[in-house]
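Enquirer: If you read the sequence shown in numbering that gives the first Met the number 0, its first letter stands for residue 0, the second for the next number, and so on. Have a look at this one before I ask anything.
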Amino acid sequence: MLKYKRIPLETLVNVRDLGGFAAMEGKITKYGVFLRSDCPTNITPYDLQFLLDYGITLTIDLRGNDEVQKTPSALSQVAGLTYIHCPISADHSVLQSGNKELPLSPQDGNFDLGDTYIEIAETAKAWVKRVFTICAQWQGGVMYHCFLGKDRTGIITALLLGACGVSDTDILMDYSASMSCLRPRYSNMHPEMLPQKRGRPDYCWGFFGSVPESMEALLCHLQAKYGGVTAYLQSCGVSTQSIRKLQQKLLE
């Protein structure tokens, strides 16, 4: 089966393959190993068959308990597909795209999600360890997602790629692609979820976009505090063996 960078599905708009990036030791990331995605709440039979034919055997749901209860994944009970729920915390979701309180200070007009990403990295290390270890050890294709597929999904993507020596430039390029991919999803959102409808039009791009500066803030933080992604993962309790398995799995 052909491999794609952006997966051409009927109902999901932000599904991308982690393959095709230059990585450590002159290697490249493989196609068909990891897909990052928006939430598969309503997918067509065509989309489901496409994912199965693409080699996906595991789906990891990064959303919080409330999100999953309100809108279950359409992939949670599919024959031949394992579903694992990995919320950031047991009682709530750090990021819920429509409900996050917007800063009130006027000087915060250039709001971005960088600080939130750093907060997650520092306070949810057990979550990082669990998700990364599952990804590294699973035999078969993995699709992981949150709600929109840009924030929690973006953090995990940055760590997977960073552990394989993919450059910050490529990580930021991949992260930023969500801004274009999600336009159809945003156009169908309930108006009350949008910042401009809540009297804060200045936050619209920072909150719903995926500007590179947001993910760059996280990568710079990990470099400054830990010396890079690999050392950060080790601080989360990820074993050297799991990191090597991930590299063997994703690189060619």
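All C-beta atoms in this analysis are idealised placements derived from N, C-alpha and C, irrespective of residue type, glycine included.
1. Can you tell me whether residue 319 is buried or exposed, with buried defined as 16 or more other CB within 10 angstroms of its CB?
2. Determine the DSSP secondary structure at residue 87, reduced to helix, strand or coil.
3. Would you call the CB atoms of residue 17 and residue 33 closer than 7 Å?
4. Contact between the stretch 154-161 and the stretch 63-80 is defined here as three or more beta-carbon pairs at a separation below 8 Å; is this criterion met?
5. Helix, strand or coil: which one does DSSP assign to residue 63?
6. Excluding the five sequence neighbours on either side, which residues of its own chain have a C-beta within less than 6 Å of the C-beta of residue 220, listed in chain order?
7. Going along the chain, which residues of its own chain have a beta-carbon closer than 6 Å to the beta-carbon of residue 38, five neighbours each way excluded?
8. Examine the Cβ distances between the stretch 172-187 and the stretch 52-68 and report whether three or more of them are shorter than 8 Å.
9. Since residue 148 and residue 13 should fall inside the 8 Å C-beta cutoff, what is the C-beta to C-beta distance between them, to a whole number of angstroms?
10. What residues in its chain sit with their C-beta under 7 Å from that of residue 178, if we drop five residues either side in the sequence?
11. Output needed for residue 77: all residues of its chain with C-beta closer than 6 Å, excluding positions within five of it in sequence on either side, in chain order.
12. Mind listing, in chain order, the continuous beta strand (DSSP E) runs of no fewer than 3 residues lying wholly within the stretch 13-68?
Expert: On the basis of the supplied data:
1. Because the chain in this structure spans residues 0 to 251, residue 319 falls outside the shown range and cannot be described.
2. As a working mapping, residue 87 is identified with position 88 in the sequence shown. Residue 87: coil per DSSP, three-state reduction.
3. For the purposes of this step, residue 17 is taken as the residue at position 18 of the sequence shown. For the purposes of this step, residue 33 is taken as the residue at position 34 of the sequence shown. Going by C-beta atoms, residue 17 is nearer than 7 Å to residue 33.
4. The stretch 154-161 is not in contact with the stretch 63-80.
5. Translated into the one-based positions of the sequence shown, residue 63 becomes position 64. DSSP places residue 63 in coil when its eight states are reduced to three.
6. What you label residue 220 is simply residue 221 of the sequence shown in a count that begins at 1. So the qualifying residues of the chain are 117.
7. Position 39 of the sequence shown, counting from 1, holds the residue named residue 38. Within the same chain, residue 38 has close Cβ partners 144 and 146.
8. Not touching, per the Cβ criterion.
9. As a position in the sequence shown, residue 148 is number 149, starting the count at 1. As a position in the sequence shown, residue 13 is number 14, starting the count at 1. Cβ-Cβ separation between residue 148 and residue 13: approximately 4 Å, consistent with a contact (criterion under 8 Å).
10. If you number the sequence shown from 1, residue 178 lands on position 179. 208 and 209, listed in sequence order.
11. Locating residue 77 in the sequence shown gives position 78, where the first residue counts as 1. No residues qualify anywhere along the chain.
12. You should have 33-36 and 55-60.
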